[in-house]
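Enquirer: Numbered by the UniProt record's numbering, the letters in the sequence shown go through residues 1 to 309 in order. We put the beta carbon where it would ideally sit given N, CA and C, even for glycine. Okay, here's the structure, questions in a sec.
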Amino acid sequence: MSTPELPLHWAEPVQQFLNYLKHERGYSPQTLSSYQQQLTKLGLALHADSASWFVLSEQQLQRQFLRFRKSSLSARSLSLAASALRSFYRYGISQQWLSQNPADYLKLPKPDKTLLKQLEIEQISQLLSFDSHDDILACRDKAMLELFYSSGLRLTELVALNLPDLQLSEALVRVTGKGNKQRQLPVGRMARSALREWLVQRPALLDADTPAADQQALFLSIERQRISPRQVRERVLHWAKQQGLGQQLHPHMLRHSFASHLLQSSGDLRGVQELLGHANLSTTQVYTHLDFQHLAKVYDSAHPRARKK
Numbered sequence: 001m002s003t004p005e006l007p008l009h010w011a012e013p014v015q016q017f018l019n020y021l022k023h024e025r026g027y028s029p030q031t032l033s034s035y036q037q038q039l040t041k042l043g044l045a046l047h048a049d050s051a052s053w054f055v056l057s058e059q060q061l062q063r064q065f066l067r068f069r070k071s072s073l074s075a076r077s078l079s080l081a082a083s084a085l086r087s088f089y090r091y092g093i094s095q096q097w098l099s100q101n102p103a104d105y106l107k108l109p110k111p112d113k114t115l116l117k118q119l120e121i122e123q124i125s126q127l128l129s130f131d132s133h134d135d136i137l138a139c140r141d142k143a144m145l146e147l148f149y150s151s152g153l154r155l156t157e158l159v160a161l162n163l164p165d166l167q168l169s170e171a172l173v174r175v176t177g178k179g180n181k182q183r184q185l186p187v188g189r190m191a192r193s194a195l196r197e198w199l200v201q202r203p204a205l206l207d208a209d210t211p212a213a214d215q216q217a218l219f220l221s222i223e224r225q226r227i228s229p230r231q232v233r234e235r236v237l238h239w240a241k242q243q244g245l246g247q248q249l250h251p252h253m254l255r256h257s258f259a260s261h262l263l264q265s266s267g268d269l270r271g272v273q274e275l276l277g278h279a280n281l282s283t284t285q286v287y288t289h290l291d292f293q294h295l296a297k298v299y300d301s302a303h304p305r306a307r308k309k
């Protein structure tokens with residue numbers, strides 16, 4: 001990807017950042033395109049007032065975002081731009097291009113708090129694009145969010161998961177749903193990667209005080225016990241705000257987005273219903289004769305974060 005509109009000394013750091021996201025982090029083309037557009041727009045607006053990205057002050061950035069706001073850019077567009085800029089500067093810090101992030105304290109108008117029915121695929125990419133390598137809670141949260149969207153779990157199903165329920169070698173997770181009905185669900189490539197990273201970090205949240213019943217819990221809290229539904233909701237809200245999506249994101253929206261995106265891609269209503277485990281849409285006989293191979297094929301070909309590169 002290139003940013004030919006920018007002066008070379010402004011474009012090169014952006015190019016390096018985009019290459020990092022593509023080759024090291026595996027970001028989707030949609031997310032890369034969005035970041036490139038946002039950073040190009042910002043760079044074109046800022047380079048006349050500054051020698052480079054890395055000598056900009058918080059005040060200069062704030063003034064530019066105020067100008068954007070006066071030009072009638074929506075709160076969501078401003079949030080997208082700020083999110084891209086923060087991520088770019090975090091990468092810059094890792095490369096020792098600068099020592100602190102001047103975008104951390106940008107004051108932006110609050111995004112629309114209207115409850116979203118579902119997230120668009122681009123918004124899912126935006127939500128899941130945070131760096132989780134150096135923070136155990138971010139690592140855990142990335143695994144939870146990816147699994148929510150990858151497999152369409154209910155909140156209660158996710159917090160109830162134990163280590164034996166996860167079969168990464170077979171790309172499956174066993175879920176106990178309403179009425180204690182069990183179903184096996186595919187786990188997509190991005191979710192498997194996030195879960196593997198979390199499983200390496202997970203022992204650090206175990207100690208002698210961890211209740212015996214929670215020793216096998218897949219997801220643990222900072223209190224060293226099974227994470228609670230309330231804590232998961234708080235973390236989803238945290239990352240929605242951090243990534244510029246507003247504050248009204250609920251875990252169930254990730255499940256709803258999973259179903260909507262699969263249905264849009266596949267048109268297989270029955271397959272989506274089975275993956276969701278809707279008791280009112282399936283009988284015991286249907287569960288018994290579930291054609292899992294068919295469902296796995298639907299999933300692998302249709303889910304945005306399961307398709308092979």
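#1: For residue 167, which three-state DSSP category applies?
#2: Find the nearest neighbour of residue 15 within the set 88, 154, 78, judged by alpha-carbon distance.
#3: Can you tell me whether residue 154 is helix, strand or coil according to DSSP?
#4: Report yes if the C-beta distance between residue 306 and residue 150 is below 8 Å; otherwise report no.
#5: Just checking, does the segment 131-150 make contact with the segment 197-212 on the three C-beta pairs under 8 Å criterion?
#6: Is the segment 254-262 in contact with the segment 147-164, if contact means three or more CB pairs nearer than 8 Å?
#7: Given this structure, state the Cα-to-Cα distance separating residue 189 from residue 220, to the nearest angstrom.
#8: To the nearest angstrom, report how far apart residue 78 and residue 131 are at their CA atoms.
#9: DSSP state of residue 251, grouped into three classes?
#10: Taking DSSP as the reference, what is the three-state secondary structure of residue 174?
#11: Anyone know if the C-beta pair for residue 163 and residue 216 falls short of 8 Å?
#12: Taking only the alpha-carbon atoms, compute the straight-line gap between residue 109 and residue 235 and give it to the nearest angstrom.
#13: Here's a check: name, in chain order, each residue in its chain whose Cβ is nearer than 8 Å to the Cβ of residue 233, leaving out the five neighbours to either side.
#14: List the DSSP bridge partners of residue 310.
#15: Write down the C-beta distance between residue 122 and residue 34 rounded to the nearest angstrom, noting that I regard them as a contact closer than 8 Å.
#16: So for residue 118, helix, strand or coil by DSSP?
#17: Cβ of residue 41 within 8 Å of Cβ of residue 32?
#18: Rounded to whole angstroms, what's the CA-CA distance from residue 203 to residue 93? Just pull it up for me.
Expert: Short version:
#1: Shown here, residue 167 sits in a strand according to DSSP, grouped into three states.
#2: Distances from the CA of residue 15 to each of 88, 154, 78 were compared; the closest alpha carbon is that of 88.
#3: In this structure, DSSP gives residue 154 a state outside helix and strand, which the three-state scheme calls coil.
#4: Remark: C-beta atoms of residue 306 and residue 150 approach each other more closely than 8 Å.
#5: The segment 131-150 makes contact with the segment 197-212; the number of CB pairs closer than 8 Å reaches 3 or more.
#6: With the cut-off at 8 Å, the segment 254-262 and the segment 147-164 touch.
#7: It is roughly 22 Å from the alpha-carbon of residue 189 to the alpha-carbon of residue 220.
#8: If you take the alpha carbons of residue 78 and residue 131, they lie about 21 Å apart.
#9: Reduced to three states, the DSSP call for residue 251 is helix.
#10: Residue state, collapsed to three classes: strand.
#11: Cβ atoms of residue 163 and residue 216: closer than 8 Å.
#12: Answer to the nearest angstrom: the Cα atoms are 22 Å apart.
#13: Closer than 8 Å at the Cβ level, and outside the excluded window around residue 233, lie 155, 250, 251.
#14: Nothing in the structure corresponds to residue 310, since the chain is present only between 1 and 309.
#15: Going by Cβ atoms, the distance from residue 122 to residue 34 rounds to 6 Å, so yes, they are a contact pair.
#16: Residue 118 falls in the coil class under three-state DSSP.
#17: The answer is no: Cβ separation not under 8 Å.
#18: Roughly 29 Å between the two C-alpha positions.
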